[in-house]
Each structure stands twice: as C-alpha cells, then as structure tokens.
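Numbering (full-length UniProt numbering), first residue to last: 1 to 155. Just so it is clear, CB atoms sit at the ideal spot from N, CA and C, and this is done for glycine as well. Down below is the structure, laid out as structure tokens.
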Amino acid sequence: MMITTDRTLFREALPGGGRLIGLDVGTKTIGTALCDAGWSFASPALLIRRTKFQKDKTALATLIAEQQVKGIVIGLPLNLTDGSESPRSQSSRAFARNMEDLGLPIFLQDERWSTQAVTRTLIEQDVSRAKRAERVDKMAAAYILQGAIDALVSG
C-alpha cells in the first residue's frame, strides 16, 4: 500500500474515513490506540509486549481485523531540537515497511513530546510510578493518534 508523512495523501487514501489504529513502537512494547470512524477521538487500547516481529504483527493484524481498522498511524520519533530524523526514526520506518503487506495506508506522525506529555498528565493525576509504566505506551499511542486525526480533520 502506501507509507507517507503527507496527511493529504493519507486522507485521500481513506475516502470513506473509517477507524484508525495508532502505534507507539518501542523496543520492548507497542502501545496501541484506536479512534472512531469519524476521526473525533482516540482512546488507548492494548499494550503488546514485543517478542518476534511476526508474532507482534499477528497480534496487530488480529486487532486491526477485529476493530475494522482502515488505516495505520505510526509514531515517528524525530530529534527534539531540530525535527530531523534519528536512528529511532529509521527503526519506525522499517517497522512501517514490514506492516505494508497488511494492505492499509500508513501515516508516520511526528511523535515528539508524546511520552513526556503523557507522563506529565499521569503524574498530575497522582498515578504511581508502577502504574505509569503500565499505561504510558498505550496512552502515548492515543496522543500520537489524536494529533494525527486532528491534523487530518483540519486539512
């Protein structure tokens, strides 16, 4: 299918809208989030503990099928200072390429500050460090997905 950072191209690949899945891909876990078909709000979903890529992909493919997802948003970690790509960016791009055969359009969304914003929110809510560790990746996925759908809706 297609991998892009261009929101117009991604939106055009989804003429009927539909649910999207957001992914915060880390070395140990993949945080997931889902949005409604009208692209109004994103909600945290599953936390997948990474094993082998094929098992991770199977878990994601199952979630995508069950939730009737039409497109994938993957967080793209850019350098905080200048927005340039980093080795982690290349890892996210490789992950996206490996997901292409699912046949869905893939949008790479700038994920700068997502983990920090979510962590700050959890601290403000007085969530314990242990519970923050359980929640931060899937909440970061929701933050990334919400940023993408807000940009898609606003044009």
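For residue i, which residues of its own chain have a beta-carbon under 8 Å away from its beta-carbon, when the five flanking residues on both sides are left out?
i   : result
V69 : G18, R19, L20, I21, L34, L63, L104
What residue range is occupied by the uninterrupted alpha helix (DSSP H) comprising residue i?
i    : result
L104 : Looking at the DSSP string, L104 is not in any alpha helix (DSSP H), and its letter there is neither H nor E.
E111 : Taken as a continuous stretch (DSSP letters only), E111 belongs to no alpha helix (DSSP H), as it is neither H nor E.
F146 : A quick correction: the sequence has Gln, not Phe, at residue 146. Where Q146 is concerned, the enclosing alpha helix (DSSP H) stretches over 129 to 154.
DSSP on residue i, reduced to helix/strand/coil?
i    : result
T51  : coil
P87  : helix
S43  : strand
T58  : helix
T119 : helix
T8   : helix
Which two residues bound the contiguous beta strand (DSSP E) that contains residue i?
i   : result
T32 : 29 to 35
G22 : 19 to 25
V73 : 69 to 76
If you drop the 5 nearest sequence neighbours on each side, which residues of the same chain put their C-beta closer than 7 Å to that of residue i?
i    : result
Y143 : S114, A117, V118
Got a sec? Which residues, its chain only, sit under 6 Å from residue i by beta carbon, not counting five neighbours each side?
i           : result
T58         : none
residue 170 : With the chain covering only 1 through 155, there is no way to say anything about residue 170.
- Message: With three or more beta-carbon pairs closer than 8 Å as the criterion, would you say the stretch 108 to 117 touches the stretch 73 to 80?
- Response: yes
- Are the stretch 87 to 98 and the stretch 41 to 50 touching by the rule of at least three beta carbon pairs closer than 8 Å? no
- Given 8 Å as the limit, is there contact between the stretch 29 to 43 and the stretch 124 to 134, that is, 3 or more CB pairs closer than that? no
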